[in-house]
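As you go down the protein sequences, you meet chains A and B in turn.
When the first sequence is numbered by my numbering, its final residue is 356 and no position is left out of the sequence of numbers.
When the second sequence is numbered by my numbering, its final residue is 1445 and no position is left out of the sequence of numbers.
We put the beta carbon where it would ideally sit given N, CA and C, even for glycine.
Everything numeric in this text was worked out from a predicted model, so none of it was measured.
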Amino acid sequence: MLIKERAFTSACFCFAVMFAPYLSSCSSTQEQAKDSSTVAAAAPSKLSPEEQKKVDDAAAEMEVGRNMAGRLIKFYGAYPDEKLVRYVNEVGALVGRYSDFPERRYMFEVYYSDEVNAFACPGGYILVSLGALKNASNEAELAHVLGHEIAHVGKKHMFNALAKMSADELKKTGDQATKFNDLPEEMKARKRPDPEESAVGSLVARYLTGNSAGLNIIQAARAGMSLITEKGLGANLEYEADREGTRYAINAGYNSRALINFLCRIETARGHNANYCMQKPKDTEKAVSTLDKTHPPIPDRILNIKEVLKAMKANAIVGAKGRKRYLAIKERIKGVTAEQEQENDKNDSAPDLGKD
Amino acid sequence: MNRITRVALWALAMHGLTAQADQFHYSNLVVGERAMGLGGAFTAVADDASALVYNPAGLGFALSNDLSGSANAFYQRKVTYKKTIGNQDFTEKSSGTLAPFFGGLQKLDNVMPGLAVAFGLFANDSELKDQNDTIENYGSLERFHRTANVRGSTTGIGFAAAKRVLGNLSIGAGLSYLMIDELTQEYQDVKYKSGLTCVPVASASRPNWPVCTGNGFVDQAFLEQNTRFHLGSTAMEFNLGAQLATGSWSFGLTTKIRKLITDKLEYAVDSRTNIGGASALDNVLHFSTTPMNAQFTNQNIKDPLKTLPSEIRGGVAWFPSSTLLWTFDTIHYTAAISDNYHRDAVTNFATGAEYYITPSIPIRAGLFTNYDARPKVQDGKSGQPDHIDYMGYSLFGGWVQPNSQVAGGVVLQTGSGKAQKTGDATIQSVEALSYTFAISATHSF
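What follows is the structure, encoded as structure tokens:
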């Protein structure tokens, strides 16, 4: 009898450990949902169907975003400099507070890639590349970049795009994220079919993890990876993120032209002259980077940004660049040379806004 | 030999230690979520945490990080010795304890491409036997009552690592700590009828043996005996494996070497009897009675196992499509012979198939042998141990969801063989049946 009890106890322990990820996932999701005041702070004990849907959507948004961020970090690798990441979080949190969504919680991470880019995953998970940090010459530029991503998150660009897709579209789109889905040739034979998430499965998953029953989280995250790295969200949403992000960064007290400078520096690094970024391009260049594939051409984006600056009368706004603070922290990034900084300095001044 | 004589001899044979856990079959339990369904034919796949048991090299081809667990929810075995008590069959039943497998797999491609590690807790065997036999007023027996409680398990805990070295070739190694624990406690209460006439016959070899014209003793003979038998051994298991993937085929080869660390057997008998001995000659049972004899023995036997069998597994797997898998394994165990345990070399076979009816519902079926490592029972000898060969069948269904899957099913084993349960040269046919209901769950992350 004692043996049976022992065996039963050890089996229970094994299963408890096995389901620990579910349980921890459950608690963290719930905590994060509570942090989002749009969802839980106003939630009474008994929710109406509409309120319940909001709570479910918020939970699903967090789950999809967390899954996507995990995949990105797994693929690229996280940059392991605590101080640098803390700094990026401080700047991002400040811009977030001056955005249209100050109640949201944003989590920033730096990933290993020399490509200039940043990713906004649903739920507030924002990843900025090492290349983007190297490309920026001051804190204001970083703030504008993060503002752009905050706008994507706050406006739920990604999540809404995924929620609109049918199950088939999600699957098809997810399969197109080749960079993340491709298995080595010798392992392809072992791949089993991608499972369908059934209604019962959703219910169980919801019970265990607090997921939304309305969205297949894994399929959505896979599709999200395709959007974020291959197809993009579409020019209109990128323009909107540029406009809104610029506004948030300016409201936070940063220099108004920082995003233009940041984008122009990408073009000059490619060998274009300083005015290239300010002109309407004659021919569409072949997309070479993830940024090109998922965003409109830089000159078009700058034209769009200039409109919002004009509307805000940004010429009259004196904003901070935060150059000293930024350079001090930028020194922590390996591979940033004094020459590169001098090159950045040269490109720290885009043509005047008044010229157009 | 007449029936009554055989019953009496059977009862006497039971005076020795008869109930033991099974150290002679190597596939009593099949572990691992997918492996259970495939009948244990997993050497060329082994891309989950159960690679520790089947082939550590399989870790190099793992597709995801996993935490998985399985448990035999219900296990029972019934061994029937045909026509053992006269024309009646004698049956031994045993059940299984909850024998869990719990393991985790972590891919470490970010540390080194193609590198993966796993840990696991597994049970190779687990058995509980509560035997209670009573025979009353049968021939010369007035009463025979035996209770035997057996607890036996072989449990391992270990870790394994593998690395793909040439893209399609993975090399893996595992190290496990094995714990073999067998405890048998047996109580016997035997009383023979009295009042029969016996004529003492003196001879050089048996000066004090009376010869009875009937079956029984002049004075009432009895035996009360408590026996305790505890085998406790530990060992290290070294596992080295390779797996080669070519197109839709995969080949696996692994070898396990086990080295005993501790090995001891405690044997204690506390008995009170006036039975001196017995033999059956010319269809007449010959007993000797002695004055009241109380005995207490407590022995520690060193190196009862002496050695453990090594294992070589070879397997092939065919993945014709993403919904179909076929596997085949050959598993050879070397002989391991000691004074107390005689285990011959054994070769088992296993084959299995997996088919996804829908992307979320796989069905797995397997077929395997579980041959007895004890020598075959031969005519003309007596006191030979049982020899029972099993054929196993497994059928499992799964339910796969993103990031998790559960499976459940049954493993059935039917056995047939020979035994000498009466202690003399008579051979009985044996039929056996065991069934296991198992459940498992895996979480991928």
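What is the residue span of the alpha helix (DSSP H) that residue 159 (chain A) lies within? Where residue 159 (chain A) is concerned, the enclosing alpha helix (DSSP H) starts and stops at 157-164.
Kindly identify the DSSP beta-bridge partner or partners of residue 1393 (chain B). Answer by DSSP bridge pairing, in chain order: B:1367 and B:1412.
Please list the terminal residues of the continuous beta strand (DSSP E) segment that includes residue 357 (chain A). Given that chain A is displayed from residue 1 to residue 356, the structure contains no residue 357 (chain A) and the question cannot be resolved.
So what does residue 1181 (chain B) bridge to, in DSSP terms? Residue pairing by DSSP puts residue 1181 (chain B) in a beta bridge opposite B:1153 and B:1232.
Mind listing the chain A neighbours of residue 1063 (chain B)? Cutoff is C-beta to C-beta under 9 Å, in chain order. 183, 187, 190, 191 and 192, listed in chain order.
Could you name the residues of chain A that residue 1356 (chain B) contacts, counting a contact when the two beta carbons are closer than 7 Å? Close to residue 1356 (chain B), with beta-carbon spacing below 7 Å, are these residues of chain A in chain order: 192 and 193.
So residue 1319 (chain B) contacts chain A; which residues on that side make the cut at Cβ distance below 7 Å? Chain A residues near residue 1319 (chain B): 189 and 190.
Cβ of residue 109 (chain A) less than 9 Å from any chain B Cβ? False, the Cβ-Cβ gap to chain B never drops below 9 Å.
Please check if any C-beta of chain A sits within less than 9 Å of the C-beta of residue 1056 (chain B). Closer than 9 Å: no.
Distance, Cα to Cα, residue 1415 (chain B) vs residue 64 (chain A)? If you draw a straight line from the Cα of residue 1415 (chain B) to the Cα of residue 64 (chain A), it is about 52 Å long.
Using a Cβ cut-off of 8 Å, which residues of the segment 1332-1365 of chain B contact any Cβ in chain A, in chain order? Taking 8 Å as the Cβ-Cβ cut-off against chain A, the residues of the segment 1332-1365 of chain B that qualify are 1356, 1358, 1359, 1360 and 1362.
Close-in-space but distant-in-sequence residues of the same chain around residue 217 (chain A) (CB under 7 Å, 5 per side omitted): Scanning its chain for C-beta atoms nearer than 7 Å, with the 5 sequence neighbours on each side dropped, one finds around residue 217 (chain A) the residues 60, 63, 64, 67 and 211, in chain order.
Can you confirm whether residue 176 (chain A), when its beta carbon is compared against all beta carbons of chain B, has any partner nearer than 9 Å? No, residue 176 (chain A) lies away from the interface with chain B (no Cβ there is under 9 Å from its Cβ).
DSSP on residue 1387 (chain B), reduced to helix/strand/coil? Look at residue 1387 (chain B) here: in three-state DSSP terms it is strand.
Output needed for residue 256 (chain A): all residues of its chain with C-beta closer than 7 Å, excluding positions within five of it in sequence on either side, in chain order. 250, 309, 314, 317 and 319, listed in sequence order.
Neighbour list for residue 103 (chain A) in chain C, Cβ cutoff strictly below 8 Å: No chain C is part of this structure, whose protein chains are labelled A and B.
Return the residue from the list A:305, A:149 and A:96 that minimises the CA-CA distance to residue 253 (chain A). The residue with the shortest Cα to Cα distance from residue 253 (chain A) is A:96.
I'd like the list of long-range same chain contacts for residue 1114 (chain B), defined as Cβ closer than 6 Å, with 5 residues on each side in sequence excluded. Here the set comprises 1060, 1163 and 1164.
As assigned by DSSP and simplified to three states, the class of residue 85 (chain A): Taken through DSSP and simplified to helix, strand or coil, residue 85 (chain A) comes out as helix.
Going along chain B in order, which residues have a C-beta closer than 9 Å to the C-beta of residue 150 (chain A)? Those within 9 Å of residue 150 (chain A) in chain B number zero; the least Cβ separation is about 28 Å.
Within 10 angstroms of the Cβ of residue 1166 (chain B), are there 16 or more other Cβ atoms? Answer buried if so, exposed if not. Classification of residue 1166 (chain B): exposed, given that the 10 Å Cβ count is below 16.
According to DSSP, simplified to helix, strand and coil, what is residue 226 (chain A)? In the structure shown, residue 226 (chain A) adopts helical secondary structure according to DSSP, grouped into three states.
If we ignore side chains and look at the alpha-carbon of each, how far apart do residue 1159 (chain B) and residue 1225 (chain B) end up? When rounded, the distance between both Cα atoms is 44 Å.
State the DSSP-derived secondary structure class of residue 1079 (chain B), mapped to helix, strand or coil. Strand.
Contact set between the segment 1390-1420 of chain B and chain A, restricted to residues whose Cβ is under 9 Å from the partner: Contact residues of the segment 1390-1420 of chain B toward chain A are 1399, 1400, 1401, 1402, 1403, 1404 and 1405 (C-beta to C-beta distance below 9 Å).
Please confirm whether residue 1323 (chain B) has its beta-carbon closer than 9 Å to some beta-carbon of chain A. Closer than 9 Å to some Cβ of chain A, the Cβ of residue 1323 (chain B) qualifies, so yes.
Hey, is residue 1246 (chain B)'s beta-carbon within less than 9 Å of any beta-carbon in chain A? So, interface residue.
Is residue 989 (chain B) buried or exposed, if buried means 16 or more other CB atoms sit within 10 Å of its CB? For residue 989 (chain B) there is no data in the structure shown, the boundaries of chain B being 1001 and 1445.
Residue 1174 (chain B) beta carbon less than 9 Å from that of residue 1533 (chain B): Any question about residue 1533 (chain B) goes unanswered here, given that chain B covers just 1001 to 1445.
Would you decide whether residue 18 (chain A) is buried or exposed? Buried here means 16 or more other CB atoms lie within 10 Å of its CB. Unreliable placement is indicated for residue 18 (chain A), whose pLDDT of 40 sits below 50; the coordinate value is still reported in the next sentence. Classification of residue 18 (chain A): buried, given that the 10 Å Cβ count is 16 or more.
To which residues of the same chain is residue 1404 (chain B) closer than 6 Å at the C-beta, ignoring the five residues directly before and after it? 1443, listed in sequence order.
Name, please, each residue of chain B whose Cβ falls closer than 8 Å to the Cβ of residue 196 (chain A). Residues of chain B passing the Cβ test: 1358, 1359 and 1360.
Run the CB neighbour count on residue 219 (chain A), radius 10 Å, all protein chains shown included, and call it buried at 16 or more, exposed below. Residue 219 (chain A) should be labelled buried.
How about residue 1046 (chain B) and residue 1035 (chain B): do their beta carbons lie closer than 9 Å? The answer is yes: Cβ separation under 9 Å.
Using the three-state DSSP reduction, which class does residue 242 (chain A) fall into: helix, strand or coil? It is helical.
Please state the DSSP three-state secondary structure of residue 101 (chain A). Three-state result, residue 101 (chain A): coil.
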